[in-house]
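Novice: Take this structure, written in structure tokens, and hold onto it; I'll ask about it next.
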Amino acid sequence: MSVTTDLASVARTVEVDGIATTVIDTGEPASGSSAPPLLLLHGSGPGVTALANWRPIIPAFAASRRVIAPDQLGFGGTATGEARTYGRASWTRHALALLDELGIDRIDIIGNSMGGAIALSLAAARPSLPRRIVLMGSMGVAMPLPDGLDGVWRYEPSIEESRRVIGLFAHNRDLITDDLVQMRYEASIRPAVRDSWQAMFPPPRQRWVDDLALTGAELNAIDQPVLLVHGRDDKVVPWSSSAALLDLLPDSRLHVLGGCGHWTMIERTTDFLAVVEPFLAA
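Start counting the sequence shown at 1125; every next residue gets the next number (our numbering).
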């Protein structure tokens, strides 16, 4: 794929356990690289999609490897609005089924926030699957519900709420444009997305943080190299989460970016790639 290709043009629908799943799939690169495919797992913001979350970095990785970026169960084009139980087990099962459907048995992973917890869950469920793991502003460890995350999960669709939630994600206030606020609001009111969201994180919300947390034994057993990247000024998942994961993951390293919130790959794209690309190329 040319790195200048419109990413929407490489999105397709894959049937996964009876669920029509939207996935960006860049295909094998022209370079003939032997690097494993890269799986990108987005977070849990209202109206989020793989395209919205990963657009700034997909072209850089697609130049040398196949990139797989799904809308996770209940989000974006994969939302059905049907009554469903969400949580770590459901998101993990869906991601594994997608990889099986695509015939992929070895990957690198980048997981953002909730997606980081699912990346760790994939490693725990199928240890032979990941080669290297990048966690960005990640959940996945026991902690009290952060106020910022509670503020994200209690979102009710409106322009004002969309602006408030984006303000929690972005440290750089220049990113909070009227166009972005409108785009995320419109994405959140699609009926299937709206109905799925309402079922996803009802109060008491501490239970969903607990659900996404792996046990100490599970984390201790993940022996793949793990890179943790976190914004120092993250209001949604404080960087203390990554510090706790650093203590529990046997082969881990942590890179903290000052002047950066929860959207590391958006706010500090160049710095993010400068750290992540060499790690994944090793």
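Here a beta-carbon is modelled for each residue, glycine too, at the ideal position from N, C-alpha and C.
These numbers come from a predicted model, not from an experiment.
1. Just the Cα atoms here: how many angstroms apart are Ile1143 and Gln1322?
2. Determine the burial state of Pro1268: buried for a count of at least 16 other Cβ atoms within 10 Å of its Cβ, exposed for fewer.
3. Does the region 1194-1205 come within contact of the region 1131-1143, defined as at least 3 CB pairs closer than 8 Å?
4. Does the distance from the C-beta atom of Gly1272 to that of Leu1165 stay below 7 Å?
5. Going by CA-CA distance only, name the one from Leu1336, Pro1281, Pro1362 and Asp1224 that's closest to Pro1315.
6. Can you give the Cα-Cα distance for Gln1330 and Ser1155, rounded to whole angstroms?
7. Just to confirm before moving on: does the CB-CB distance between Thr1301 and Val1353 stay below 7 Å?
8. What does Arg1377 pair with, by DSSP beta-bridge criteria?
9. Quick one: is Pro1251 buried, meaning 16 or more other Cβ sit within 10 Å of its Cβ, or exposed?
10. Tell me whether the beta-carbon of Asp1232 lies closer than 7 Å to the beta-carbon of Leu1404.
11. Just how far apart, CA to CA, sit Leu1343 and Pro1349?
12. Report buried or exposed for Gln1306, applying the criterion of at least 16 other Cβ atoms within 10 angstroms of its Cβ.
13. Within the region 1128-1166, note down every full beta strand (DSSP E) run reaching 3 residues or more, in order along the chain.
14. Identify the residues that DSSP records as bridge partners of Gly1235: which are they?
15. Which first and last residues belong to the alpha helix (DSSP H) in which Val1289 is found?
16. State the DSSP-derived secondary structure class of Pro1254, mapped to helix, strand or coil.
17. Where Arg1136 and Ile1148 are concerned, what is the direct C-alpha to C-alpha distance, given to the nearest angstrom?
18. Using the Cβ count rule (16 or more neighbours within 10 Å means buried), how would you classify Ala1247?
Specialist: Put simply:
1. When rounded, the distance between both Cα atoms is 19 Å.
2. Looking at its Cβ environment, which holds fewer than 16 other Cβ atoms inside 10 Å, Pro1268 is exposed.
3. Under the three-pair Cβ rule at 8 Å, the region 1194-1205 counts as touching the region 1131-1143.
4. At the C-beta level, Gly1272 and Leu1165 stay beyond 7 Å of one another.
5. The shortest C-alpha separation from Pro1315 is found at Pro1281.
6. A direct Cα-Cα distance of roughly 46 Å separates Gln1330 from Ser1155.
7. In this structure, Thr1301 lies away from Val1353, with their beta-carbon atoms at least 7 Å apart.
8. Arg1377 is bridged by DSSP to Leu1351.
9. Looking at its Cβ environment, which holds fewer than 16 other Cβ atoms inside 10 Å, Pro1251 is exposed.
10. Taking C-beta atoms as the reference points, Asp1232 and Leu1404 count as a pair closer than 7 Å.
11. Rounded to whole angstroms, Leu1343 to Pro1349 spans 12 Å at the Cα level.
12. With a threshold of 16 other beta carbon atoms within 10 Å, Gln1306 falls short and is exposed.
13. Within the region 1128-1166, the complete beta strand (DSSP E) runs of at least 3 residues are 1135-1140, 1143-1149 and 1162-1165.
14. Note: Gly1235 sits in a beta bridge opposite Leu1165 and Leu1259.
15. Boundaries of the alpha helix (DSSP H) around Val1289: Ile1283 to Phe1293.
16. Pro1254 sits in a strand when the DSSP states are folded into three classes.
17. Each residue's alpha carbon lies about 6 Å from the other.
18. Buried.
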